[in-house]
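*Asks:*
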Amino acid sequence: MSPDDPMLPVAYRVEKVTKETRDTFTLVTRRVDRAPRHAFEPGQFSMLYVCAVGELPISISGDTADKQNLTYTVRSVGQVTNQLVSLGVGDTLGVRGPFGVPWPVEEARGKDVVVVAGGIGLAPLRPVLYHILRRREEYGRLVLLYGARSPQDQLFRKELTQWSQAPESRVLTTVDYGGVNWHGHVGVVTTMFRYVRLRPERTIAMVCGPEIMMRFVARELETRGVERSQIRVSMERNMKCGCGFCGHCQYGPDFICKDGPVFSYDRIQSRMEAYEI
Amino acid sequence: MPRFFRLDEPALDGLIEALRQQGYTAVGPRVRDGAVIYDEISSVADLPQGWASEQEAGKYRLNRDPSAGPFDYVIGPSSWKQWLHPPEARLFAAERENGAFRILPNTTSAPRYALVGVRACELAAIAIQDRVLLGDRYTDPIYQARRKALFVVAVNCTRSAATCFCASMQTGPRAVEGFDLALTPVGNGRQYLGETGTDAGAAVAGELGWPEAPPEMMSEAAETVRAAARAQTRNVALEGLAEALTAAAEHPRWETVAKRCMACGNCTLACPTCFCTTVEDTSTVDGARAERWRKWDSCFTQSFSYIHGGSVRTSVKSRYRQWLTHKLAYWQQQFGTPGCVGCGRCITWCPAGIDLTEEARALRA
Ligand SMILES: Cc1cc2nc3c(=O)[nH]c(=O)nc-3n(C[C@H](O)[C@H](O)[C@H](O)COP(=O)(O)OP(=O)(O)OC[C@H]3O[C@@H](n4cnc5c(N)ncnc54)[C@H](O)[C@@H]3O)c2cc1C
Ligand code: SF4
Ligand code: SF4
Ligand code: FES
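So the sequences go chain by chain: V and R.
Sequential numbering of the first sequence, starting at 228, is according to the working numbering.
Sequential numbering of the second sequence, starting at 830, is according to the working numbering.
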């Protein structure tokens, strides 16, 4: 056995489970062998292994400043994610990685940052928000546009309020279906742009959500004068390895696991407009 | 120390025996179920002497040919990736108790293979898999261990099948690097010109005391291999191909070929460079022990591109496009080489007789 076998998981213990919504849970995990946790950057993902069940790519949703834990927010949609969210405190899961190209938090220094998230897409972006808010003065304006299916499907509700109270920061949320008690915005996330005034020449955007949402958001940002190279999106494809071996995540000439998942929109724009690539 | 030697059939037997003595498992061509495949061999008698293959798009036939020497066959459906990047490999085993589990170390040591009869196109294919599995950001330890322990006896081709196009891919038919020893059949395929490629190869040659090759043997060998190149009827024009294919994503030809393609995945299994894999989890009935296995996969399956909500590539058209564009275009961008070595297997073993060289040409039109 090679110590640097990228296909070999390391055991982490579940320390805490938080129910975010009816189908989404946040797992705080810590290395079983008490060695330092894997280093990661905002936007990177792990391959999480549930013993005898399977393995999945899941983004790290925790704070890089938390030196003890790796935190994941998982939406239960199928076989393996169902098992993941039903893990309890004390259970073990396997962690490989972290893998992938992170969000451009360094490049964004001094710029206005527009974060656009749809659904579970807020999870991989949360480390960016932690990062920026901890160094608030090093960045320009911060805008978070967040769309969820319904008010009950909003993630991190308490934090959304906290973030909106940070200096020079705006948080705008929208839902697809509001229900009678909802007084907020209803509509797709692209409709929120009319409430914010962008300074396109000094703006960098980070977008994560369903592919169709990212396509529309990217077009909208472009219409508002943000350059393609300043728009970053996080792509999703089937992944069986995370490290360039299995071939499943190929997206044209790129491997999403190692050349992404975060891509500059100018690199993949034509692919995003094409069908079944 | 000379680099070129003369070998006769007993000397070839001596080579196989010497490699086995050194602890290698010798693997070479054999006839099985009407085709030449690769499996363990113990002597020259195991080789496909007296057999010649007839190949065309969608057709393979092995015929009796008394004039054929042990290496006059042209490659069949199996490739060496079966030995280096095995169809099934255990990634790890784990023991489980009360919600906790422990990963058990993989203790089995890598097999030591001596591959006998590796063609030039196949050496190129191994070099390509090296780039994918060793030469990029991460290293696959299963492949690496087998690769490191490898001894390669290449054999230059003296015949081409109608499906061969290595000459146009610049990978053959003469082996120039990546071997410990290379042999060229001469004199009706019953004698060999031996060439050393590494110190390990030279050591074996020295130990076996092969005589130095006479100059006329070298010119005869060179001419036979050149003749095999000249006999090739198919070709792919590499110049500008990657750019042309990348730009051809919406070409109507994809629809035409998709009507013939059955998405069976034979081409990806037979292809010596295709590396894609999936994983499978198994466990004992009581759940106390689990294993994770890696298995060959194919981009022709619908599940290959499955993400929650459905597969990305549902149409056969999009899957054929992925395959061909990966082979001839994306691969170039990913690994600095085409993903095709011109071995022709995908042409021969396609049940619909789809010909990659013909598709590549049509897509540029
Ligand atoms: C880079 C990346 C980061 C992700 N981050 C998160 C996150 O932070 N939180 C979260 O909830 N989800 C995330 N996902 C999506 C998550 O991996 C899928 O929802 C999950 O794989 C679904 O698996 P399942 O077995 O529960 O579903 P099923 O629909 O039963 O899927 C069956 C199998 O298909 C494969 N598969 C299905 N969907 C995907 C997919 N999207 N990507 C890769 N393989 C898939 C898996 O092998 C899975 O086991 C991420 C995906 C990627 C590519
Ligand atoms: S694509 Fe076809 S001809 Fe090319 S290496 Fe693969 S099997 Fe051989
Ligand atoms: S052609 Fe298909 S199976 Fe072969 S390496 Fe490319 S994606 Fe994998
Ligand atoms: S996930 Fe396996 S190659 Fe990218």
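Even glycine gets a Cβ: it sits at the ideal position worked out from N, Cα and C.
#1: Near A1078 of chain R, what residues of its chain come up, given a Cβ to Cβ distance below 8 Å and the 5 sequence neighbours on each side ignored?
#2: Taking Cβ positions, are Y942 of chain R and T854 of chain R nearer each other than 9 Å?
#3: Taking C-beta to C-beta, are V322 of chain V and V277 of chain V nearer than 9 Å?
#4: Is H1155 of chain R close to ligand 3? I mean its beta-carbon at under 8 Å from any heavy atom of the ligand.
#5: Go through the stretch 403-475 of chain V residue by residue and report every complete run of the beta strand (DSSP E) that reaches 3 residues or more, in order.
#6: For E247 of chain V, would you say it is in contact with chain R, using Cβ-to-Cβ distances shorter than 9 Å as the test?
#7: What's the gap between the Cα of V280 of chain V and the Cα of S288 of chain V?
#8: Would T1085 of chain R pass as an interface residue toward chain V - the criterion being a Cβ-Cβ separation below 9 Å?
#9: So, with DSSP's three-state summary, where would you put E242 of chain V?
#10: Can you list the residues of chain V that S882 of chain R reaches, using a CB-CB cut of under 7 Å?
#11: Residues bridged to W1152 of chain R by DSSP?
#12: So which residues on chain R does M234 of chain V lean against when the C-beta distance must stay under 7 Å?
#13: Mind listing the chain R neighbours of V304 of chain V? Cutoff is C-beta to C-beta under 7 Å, in chain order.
#14: State the Cα-Cα distance for the pair R451 of chain V and V434 of chain V, rounded to the nearest angstrom.
#15: Can we count C1172 of chain R as close to ligand 3, meaning its CB is less than 8 Å from some heavy atom?
#16: Report the three-state DSSP secondary structure of K294 of chain V (helix, strand or coil).
#17: Can you find a CB in chain V that lies within less than 9 Å of the CB of L962 of chain R?
#18: Spell out the partners DSSP gives I287 of chain V in its beta bridges.
#19: Spatial neighbours of E1084 of chain R within its chain, please: CB distance less than 8 Å, with the 5 preceding and 5 following residues excluded, ordered by chain position.
#20: Just the chain R side, please: which residues come within less than 9 Å of N408 of chain V by C-beta, in chain order?
#21: Where V903 of chain R and A881 of chain R are concerned, what is the direct C-alpha to C-alpha distance, given to the nearest angstrom?
#22: Alpha carbon to alpha carbon, what distance is there between P378 of chain V and R249 of chain V?
#23: Return yes when the Cβ of R1193 of chain R is within less than 9 Å of the Cβ of L1074 of chain R, no when it is not.
#24: Counting Cβ pairs closer than 8 Å, one from the stretch 856-866 of chain R and one from the stretch 1033-1053 of chain R, do we hit at least three?
#25: Starting from K1088 of chain R, follow the beta strand (DSSP E) in both directions and report where the run begins and ends.
#26: What residue range does the beta strand (DSSP E) around Y889 of chain R cover?
#27: Determine the DSSP secondary structure at I1183 of chain R, reduced to helix, strand or coil.
#28: Using the rule of at least 16 other Cβ atoms within 10 Å of the residue's Cβ for burial, across every protein chain shown, is M228 of chain V buried or exposed?
#29: Which term fits E500 of chain V, buried or exposed, when burial requires 16 or more other beta carbons within 10 angstroms of its beta carbon?
#30: Taking only heavy atoms of ligand 1 into account, decide whether any of them is closer than 8 Å to the Cβ of Y1135 of chain R.
#31: Of all the CB atoms in chain R, is at least one closer than 9 Å to the CB of M228 of chain V?
#32: Rounded to a whole number of angstroms, what is the C-alpha to C-alpha distance between R353 of chain V and R302 of chain V?
#33: Less than 9 Å between CB atoms is the rule here; does A1119 of chain R satisfy it with respect to chain V?
#34: How long is the line joining the alpha carbons of S1199 of chain R and D875 of chain R, rounded to whole angstroms?
#35: Flag this pair as yes or no: are the beta carbons of T1013 of chain R and V984 of chain R separated by less than 9 Å?
#36: Could you list which residues in chain V have their beta carbon closer than 8 Å to that of D868 of chain R, in chain order?
*Replies:* Straight from the coordinates:
#1: Sequence index remark: in the second sequence, residue 1078 of chain R carries index 249 (1-based). Taken in chain order, the residues that qualify are R1150, T1154.
#2: As a first step, residue 942 of chain R must be located in the second sequence, where it is residue number 113. As a first step, residue 854 of chain R must be located in the second sequence, where it is residue number 25. Closer than 9 Å, so yes.
#3: Locating residue 322 of chain V in the first sequence gives position 95, counting from the first residue. Locating residue 277 of chain V in the first sequence gives position 50, counting from the first residue. No, they are not a contact pair.
#4: In the second sequence, counting from the first residue as 1, residue 1155 of chain R sits at position 326. Result yes, Cβ under 8 Å from ligand 3.
#5: 430-435, 458-461
#6: On the first sequence, residue 247 of chain V is found 20 positions in, with the first residue counted as 1. No, E247 of chain V lies away from the interface with chain R (no Cβ there is under 9 Å from its Cβ).
#7: Residue numbering aside, residue 280 of chain V sits at position 53 when the first sequence is read from its first letter. Residue numbering aside, residue 288 of chain V sits at position 61 when the first sequence is read from its first letter. Taking the straight line from one Cα to the other gives about 23 Å.
#8: Here the question's residue 1085 of chain R lines up with position 256 in the second sequence. Not an interface residue.
#9: As a working note, residue 242 of chain V is residue 15 in the first sequence. DSSP places E242 of chain V in strand when its eight states are reduced to three.
#10: Here the question's residue 882 of chain R lines up with position 53 in the second sequence. The premise fails here: S882 of chain R is roughly 30 Å from chain V at the closest Cβ pair, so nothing lies under 7 Å.
#11: Position 323 of the second sequence holds residue 1152 of chain R. None, per the DSSP bridge assignment.
#12: In the first sequence, the residue the question calls residue 234 of chain V occupies position 7. The contacting residues are L920.
#13: Taking the first sequence and counting its residues from 1, one reaches residue 304 of chain V at position 77. Those within 7 Å of V304 of chain V in chain R are H1137.
#14: As a working mapping, residue 451 of chain V is identified with position 224 in the first sequence. As a working mapping, residue 434 of chain V is identified with position 207 in the first sequence. Computed Cα separation, rounded: 15 Å.
#15: Counting from one through the second sequence, the residue named residue 1172 of chain R turns up at place 343. No - ligand 3 has no heavy atom lying nearer than 8 Å to the Cβ of C1172 of chain R.
#16: By one-based count along the first sequence, residue 294 of chain V stands at place 67. Here K294 of chain V sits in coil by DSSP.
#17: In the second sequence, counting from the first residue as 1, residue 962 of chain R sits at position 133. Yes - at least one Cβ of chain V is within 9 Å of the one on L962 of chain R.
#18: Looking up residue 287 of chain V in the first sequence gives position 60. According to DSSP, I287 of chain V bridges with V:Y299.
#19: As a working note, residue 1084 of chain R is residue 255 in the second sequence. For E1084 of chain R, where only same-chain residues beyond five positions count, the Cβ hits under 8 Å are K1146.
#20: Along the first sequence, read from residue 1 onward, the residue named residue 408 of chain V stands at position 181. Per Cβ cutoff of 9 Å: no residues; N408 of chain V is ~29 Å from chain R at best.
#21: Counting from one through the second sequence, the residue named residue 903 of chain R turns up at place 74. Counting from one through the second sequence, the residue named residue 881 of chain R turns up at place 52. Each residue's Cα considered, the two are about 7 Å apart.
#22: Your numbering for residue 249 of chain V matches position 22 in the first sequence. Your numbering for residue 378 of chain V matches position 151 in the first sequence. Going by the C-alpha atoms only, they are around 11 Å apart.
#23: Sequence index remark: in the second sequence, residue 1074 of chain R carries index 245 (1-based). Sequence index remark: in the second sequence, residue 1193 of chain R carries index 364 (1-based). Going by C-beta atoms, L1074 of chain R is nearer than 9 Å to R1193 of chain R.
#24: no
#25: The residue given as residue 1088 of chain R occupies position 259 in the second sequence. Run containing K1088 of chain R: none in the beta strand (DSSP E); it sits in the alpha helix (DSSP H), 1082-1089.
#26: Indexing the second sequence from 1 puts residue 889 of chain R at position 60. Here the beta strand (DSSP E) through Y889 of chain R covers 888-893.
#27: Your numbering for residue 1183 of chain R matches position 354 in the second sequence. It is coil, neither helix nor strand.
#28: By 1-based counting over the first sequence, the position of residue 228 of chain V is 1. Low confidence applies to M228 of chain V: its pLDDT is 37, below 50, so where it sits in the model is not reliable, and the reading given next is rough at best. Label assigned to M228 of chain V: exposed.
#29: Here residue 500 of chain V refers to the residue found at position 273 of the first sequence. When all chains shown are included, E500 of chain V counts as exposed.
#30: Here residue 1135 of chain R is taken as the residue at index 306 of the second sequence, counted from 1. At least one heavy atom of ligand 1 is nearer than 8 Å to the Cβ of Y1135 of chain R, so yes.
#31: Taking the first sequence and counting its residues from 1, the one referred to as residue 228 of chain V is at position 1. Confidence at M228 of chain V is low in this model, with a pLDDT of 37, below 50, so the placement of that residue is unreliable and no value is reported for it.
#32: Looking up residue 353 of chain V in the first sequence gives position 126. Looking up residue 302 of chain V in the first sequence gives position 75. Between R353 of chain V and R302 of chain V, the C-alpha separation is close to 15 Å.
#33: Position 290 of the second sequence, counting from 1, holds the residue named residue 1119 of chain R. With 9 Å as the cut-off, A1119 of chain R counts as an interface residue toward chain V.
#34: There is no way to answer for residue 1199 of chain R, as the model of chain R reaches only from 830 to 1194.
#35: Working through the second sequence from its first residue, we reach residue 1013 of chain R at position 184. Working through the second sequence from its first residue, we reach residue 984 of chain R at position 155. It is a contact, given that the beta carbons lie within the stated cut-off.
#36: Taking the second sequence and counting its residues from 1, one reaches residue 868 of chain R at position 39. Result: empty, since nearest Cβ-Cβ is about 26 Å, beyond 8 Å.
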